[in-house]
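Quick notes on the structure that follows.
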Amino acid sequence: MHHAHPHPRRLALIDMGTNTFHLLIVEMPTTPGQKPVVVLRTKAGVRLGEGGISQGIIAPAAYDRALHTLAGFKEEMELHSVTEVRATATSAMRVTKNGPDLVRDIFEQTGIQVNVISGEREAELICQGVRQAVDLGKESQLIMDIGGGSVEFIIANQTTIFWKQSFEIGAQRLLDMFFPDPSGVFPAAAVEAEQQYLGTMLTPLIEAVRQYRPVGIVGASGSFDSLADMQAGQLRTEAELPPCTELALESFQSSYRHLLGGNHEQRKALPGILPMRANMMVVATVLIDFVLGITEITRIRASAFALKEGVLAEILAV
């Protein structure tokens, strides 16, 4: 029997981060060279690292949220006739004692096989993804992805990765370390303490920057999406974000001041801020400001593409 129209190949890409789980469903091209068509792009705030990552475990509530979110993703996949899945997990599942249990439970409950990847591999995939959204050009750029568990730095241009490293200093860890105050005020001493800590932890980055002299920063991940939203003055869905946004330095500095100046309630009221991200944004922007300081870079671009788009780019390149 010949079918004139074979069933389209629909691929789901799942990125299970320490803060956010992402689901991207695409229809793969039947003709080589064509781009896949995005069927669905969505995310869920799972906060997998909350209440445990600094102790090396996934806390029970976070564990349940992960299973619940993947059950929801599974439903979306069935609804959209997905034929294959690539699920990738990063820092929280890489470093926790019960990460392997969660991988097993996800497989038993949803049939989704999760691939836990190394920080090095994560950096490589992020770079691949960013290149689909941003033309890096010939000069070297500093790509950074601030996750909840780890932060990846890559110095690359459009064709070559010169240097890459993953550091386990993500926003949830920084929150646990420097921002335990329930009132939500982030005192100057805490900013100072975080900067000191980053200066120690990021010595390899400081040396790499000196060596490769990147001319711009390209930020991937939620913190940079949030800064782009703050600049636009509105909260946008995953599907509404353009692949690449120029972040004016003045806009970043203004957002940084507003985030540092407030308490919980004032921060949540800022236009373009997801309440769940408000505190994470404080420690993340201190990190971005630190990187701006050591590089003296003035151009910042935000990439809406990251790890999952990198996985897709590799599949398409085969």
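For what it's worth, our numbering labels the leading residue of the sequence shown as -12, then goes sequentially.
Glycine is no exception: its CB is placed at the ideal position from the N, C-alpha and C atoms.
Mapping the DSSP letters down to three states, classify residue i as helix, strand or coil.
i           : result
residue 256 : coil
residue 131 : strand
residue 94  : helix
residue 46  : coil
residue 308 : The shown model of the chain, from -12 to 305, leaves out residue 308, and the question about it has no answer.
residue 116 : helix
residue 303 : helix
residue 61  : helix
residue 3   : strand
residue 273 : helix
residue 266 : helix
residue 152 : strand
residue 197 : helix
residue 101 : strand
residue 376 : Here the chain has residues from -12 to 305 only, and residue 376 is not among them.
residue 55  : helix
residue 235 : coil
residue 190 : helix
residue -3  : strand
residue 10  : strand
residue 165 : helix
residue 38  : coil
residue 32  : strand
residue 27  : strand
residue 209 : helix
residue 202 : coil
residue 139 : strand
residue 107 : helix
residue 126 : coil
residue 72  : strand
residue 82  : helix
residue 89  : helix
residue 160 : helix
residue 240 : helix
Can you tell me the Cβ-Cβ gap for residue i and residue j, rounded? I've got them flagged as a contact below 8 Å.
i           : j           : result
residue 282 : residue 129 : 6 Å
residue 294 : residue 113 : 5 Å
residue 75  : residue 1   : 7 Å
residue 94  : residue 127 : Not really, about 40 Å apart at Cβ, beyond 8 Å.
residue 78  : residue 17  : About 36 Å separates the two Cβ atoms, so there is no contact after all.
residue 97  : residue 57  : 5 Å
residue -2  : residue 52  : So it is not a contact: roughly 25 Å between Cβ atoms.
residue 296 : residue 20  : Not really, about 18 Å apart at Cβ, beyond 8 Å.
residue 254 : residue 171 : 7 Å
Compare the C-alpha of residue i against each of the options and name the closest.
i           : options            : result
residue 70  : 170, -4, 125       : -4
residue 81  : 112, 100, 40, 120  : 40
residue 192 : 152, 228, 177      : 152
residue 135 : 33, 56, 182        : 33
residue 28  : 35, 13, 18         : 13
residue 26  : 37, 11, 36         : 11
residue -6  : 213, 54, 2, 67     : 67
residue 158 : 292, 36, 244, 175  : 36
residue 238 : 227, 223, 225, 216 : 216
residue 177 : 226, 148, 271      : 271
residue 214 : 202, 267, 184      : 267
residue 146 : 168, 111, 180      : 111
residue 31  : 72, 242, 60        : 60
residue 202 : 225, 143, 179      : 143
residue 46  : 86, 22, 199, 23    : 86
residue 218 : 230, 196, 225, 258 : 258
residue 154 : 180, 23, 137       : 137
residue 139 : 19, 124, 106       : 106
residue 279 : 62, 186, 225       : 186
residue 240 : 49, 269, 15, 252   : 269
residue 199 : 243, 284, 212      : 284
residue 292 : 210, 62, 188       : 210
residue 109 : 229, 3, 189, 305   : 3
Any heavy atom of the ligand COA closer than 8 Å to the Cβ of residue i?
i           : result
residue 118 : The ligand COA is not part of this structure, which contains no ligands at all.
Distance cutoff 9 Å, beta carbons only. Does residue i sit that close to anything in chain D?
i          : result
residue 48 : Absence of chain D from the displayed structure is noted, only one protein chain being present.
_I want to know whether the stretch 240 to 249 touches the stretch 157 to 170 - three or more CB-CB distances under 8 Å._
no
*Any chance the stretch 269 to 285 sits against the stretch 131 to 142, with 3 or more Cβ pairs inside 8 Å?*
yes
*Count the CB pairs spanning the stretch 282 to 294 and the stretch 117 to 125 that are closer than 8 Å, and state whether there are at least three.*
yes
*Okay, do the stretch 42 to 49 and the stretch 293 to 305 touch, 3+ Cβ pairs below 8 Å being the bar?*
no
_Pairs of beta-carbons, one from the stretch 257 to 269 and one from the stretch 92 to 111, closer than 8 Å: are there three or more?_
no
*Identify every run of the beta strand (DSSP E) within the stretch 276 to 301, keeping only runs that are complete inside it and at least 3 residues long; order them along the chain.*
287 to 290
_With three or more C-beta pairs closer than 8 Å as the rule, is the stretch 234 to 245 touching the stretch 201 to 216?_
yes
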